[in-house]
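Asks: My questions will all concern the structure given below.
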Amino acid sequence: MEQRTTENISSPEAHTAPPALEVSGISKSFTHRRRETNVLNNVSLKVEQQEFVSIVGPSGCGKSTLFHMIGGLVKPDAGTIRMNGRAVTGQRGEISYMPQQPALFPWRTIEDNVLLAGEIKGALQDGAREEARQWLAKVGLNGFEQAYPHMLSGGMQQRAAFLRALLAPQELMLLDEPFSALDALTRSEMQRWLLELWEENRRSVLFITHNIEEALLLSNRIYVFSGRPGSILHTVDVPFPRPRRDEITDSPEFLKLKRQLSQWMREEQAKSEK
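By UniProt numbering, the letter at position 45 of the sequence shown is numbered 45, and the numbering carries on one by one without gaps.
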């Protein structure tokens, strides 16, 4: 098997608290009709407290499977998952999750959709509805509290879905390509919106995307996955200070990192297609 090394492009900051998420030596394979497919091989990564970390890699490299294992939906064949220093391998209900599609319940109002995660967890506190309304106003959904999902645009639905994950009682957020179904202009607007909202709130986030510019703009660190079986090929600590603005996307250092990441992605995609 090809030996892969992890490359750091800048020095990480020192951290004293246990990581919000620590994945150690995770491997997974699936068997279908007596044929075994290796999906992930010895994956180790971490999300420090209040970090925004992204995963990029070719299609089919096991990124979503990793999310399912972190969420407790699938058990790894080997390895451990820890959150805030506590072992949670195979346990459900430890994360808030935002999928590619908004997945809002059509029979619930936007306000009720936003409150759903806390309601399921039995963690709705006094004043939760008032807090939800304040957040809806903050994300540009003031006046849509009692609207239903079909009455909102795609971008507005994504904002509501993100807010549902943000207001969930779990500390760690997993975002699985949440902007992939949006047109280019709406996606760009949502990236700026998410950047501003995260810099205000600073939740711990693990984010999957195929968009390299998006990953560089939003992230503290980026893990580059190999083709199947997925493993960590490179680790990039993003050097740009916060708060970040659109102008950094035109800087020489940003463009250099974008070219390097694009090259790695093309190489891995080409390998996976052979």
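Note that CB positions come from ideal geometry on N, CA and C, so glycine has one too.
#1: With DSSP as the reference, identify every bridge partner of tyrosine 22, one or two as the case may be.
#2: Which residue wins for smallest C-alpha separation from valine 114, given the options Phe144, Leu21 and Gly93?
#3: So the candidates are Leu206, Phe30 and Trp193; which of them puts its Cα closest to the Cα of residue 280?
#4: I'd like to check one pair, proline 149 with proline 99: are the Cβ atoms closer than 9 Å?
#5: Tell me whether the segment 71-88 and the segment 205-219 touch, counting them as touching only if at least three CB pairs, one residue from each stretch, are closer than 8 Å.
#6: On the three-state DSSP scale, how would you describe valine 238?
#7: Arginine 228: which of Asp176, Leu21 and Glu36 sits nearest, CA to CA?
#8: Any heavy atom of the ligand GTP closer than 8 Å to the Cβ of leucine 152?
#9: Please report the residue range of the beta strand (DSSP E) in which methionine 173 lies.
#10: Quick one: residues in its chain with C-beta nearer than 6 Å to the C-beta of phenylalanine 179, no 5 flanking neighbours on either side, listed in chain order?
#11: Going by beta carbon distance, what residues of the same chain come within less than 7 Å of threonine 249, once the five residues before and after it are set aside?
#12: What are the boundary residues of the alpha helix (DSSP H) that includes phenylalanine 162?
#13: Distance, Cα to Cα, glutamine 91 vs leucine 73?
#14: Can you tell me whether lysine 46 is buried or exposed, with buried defined as 16 or more other CB within 10 angstroms of its CB?
#15: With a CB to CB cut of under 6 Å and the five nearest residues on each side skipped, what residues in its chain are close to threonine 89?
#16: Please report the straight-line C-alpha distance between alanine 147 and lysine 138, rounded to a whole angstrom.
#17: How many whole angstroms separate the CB atoms of alanine 103 and alanine 161, which I take to be in contact at a CB cut-off of 8 Å?
#18: When you compare only the Cα positions, how much space is there between valine 224 and serine 96?
#19: Measuring straight from C-alpha to C-alpha, what distance separates glutamate 196 and threonine 31?
#20: Using DSSP's beta-bridge definition, name the partner residues of arginine 221.
#21: What residues match up with alanine 87 in a beta bridge as DSSP calls it?
#22: Please report the distance separating the alpha-carbon of histidine 234 from that of arginine 129.
Replies: Inspection of the coordinates gives the following:
#1: Numbered from 1 along the sequence shown, position 22 holds the residue referred to as residue 22. Note on residue identity: the sequence assigns glutamate, not tyrosine, to residue 22. BP columns for glutamate 22 point to Lys46 and Arg82.
#2: Translated into the one-based positions of the sequence shown, residue 114 becomes position 114. The residue with the shortest Cα to Cα distance from valine 114 is Phe144.
#3: In this structure the chain extends from 1 to 274, so residue 280 is not present and cannot be described.
#4: Counting from 1 along the sequence shown, the entry for residue 99 is found at position 99. Counting from 1 along the sequence shown, the entry for residue 149 is found at position 149. Their beta carbons are not under 9 Å apart, which means proline 99 does not touch proline 149 by this criterion.
#5: no
#6: Position 238 of the sequence shown, counted from the first residue, corresponds to residue 238. Looking at valine 238 - three-state DSSP - the assignment turns out to be coil, as it is neither helix nor strand.
#7: Taking the first residue of the sequence shown as position 1, residue 228 is located at position 228. With distances taken between Cα atoms, arginine 228 lies closest to Glu36.
#8: The ligand GTP is absent from the structure shown, which contains no ligands of any kind.
#9: For the purposes of this step, residue 173 is taken as residue 173 along the sequence shown, with counting starting at 1. Its beta strand (DSSP E) spans residues 172-176.
#10: The count along the sequence shown starts at 1 and reaches residue 179 at position 179. Result list for phenylalanine 179: Arg187 and Met190, in chain order.
#11: For the purposes of this step, residue 249 is identified with residue 249 of the sequence shown, where counting begins at 1. So the list reads Glu213 and Leu217, once near-sequence residues are dropped.
#12: Locating residue 162 in the sequence shown gives position 162, where the first residue counts as 1. 154-166 is the span of the alpha helix (DSSP H), which, as asked, contains phenylalanine 162.
#13: Position 91 of the sequence shown, counted from the first residue, corresponds to residue 91. Position 73 of the sequence shown, counted from the first residue, corresponds to residue 73. Approximately 8 Å between the Cα atoms of the pair.
#14: Position 46 of the sequence shown, counted from the start, is the residue given in the question as residue 46. With 16 or more other Cβ atoms within 10 Å, it is buried.
#15: Here residue 89 corresponds to residue number 89 of the sequence shown, with the count starting at 1. Excluding residues within five positions, the ones whose Cβ falls inside 6 Å are Thr80 and Ile81.
#16: Within the sequence shown, the letter at position 147 stands for residue 147. Within the sequence shown, the letter at position 138 stands for residue 138. Distance between the alpha carbons of alanine 147 and lysine 138: 17 Å.
#17: Here residue 103 is taken as the residue at index 103 of the sequence shown, counted from 1. Here residue 161 is taken as the residue at index 161 of the sequence shown, counted from 1. Alanine 103 to alanine 161, Cβ: 7 Å. Contact.
#18: Residue mapping note: residue 224 aligns to position 224 of the sequence shown, counting from 1. Residue mapping note: residue 96 aligns to position 96 of the sequence shown, counting from 1. Cα to Cα, valine 224 sits roughly 23 Å from serine 96.
#19: Here the question's residue 196 lines up with position 196 in the sequence shown. Here the question's residue 31 lines up with position 31 in the sequence shown. The alpha-carbon atoms of glutamate 196 and threonine 31 are separated by roughly 43 Å.
#20: On the sequence shown, position 221 is the one that residue 221 refers to. Per DSSP, Val53 and Asp237.
#21: To locate residue 87, count along the sequence shown from 1; it is residue 87. DSSP output for alanine 87 lists Arg82 as bridge partner(s).
#22: As a first step, residue 234 must be located in the sequence shown, where it is residue number 234. As a first step, residue 129 must be located in the sequence shown, where it is residue number 129. Cα to Cα, the separation comes out at about 43 Å.
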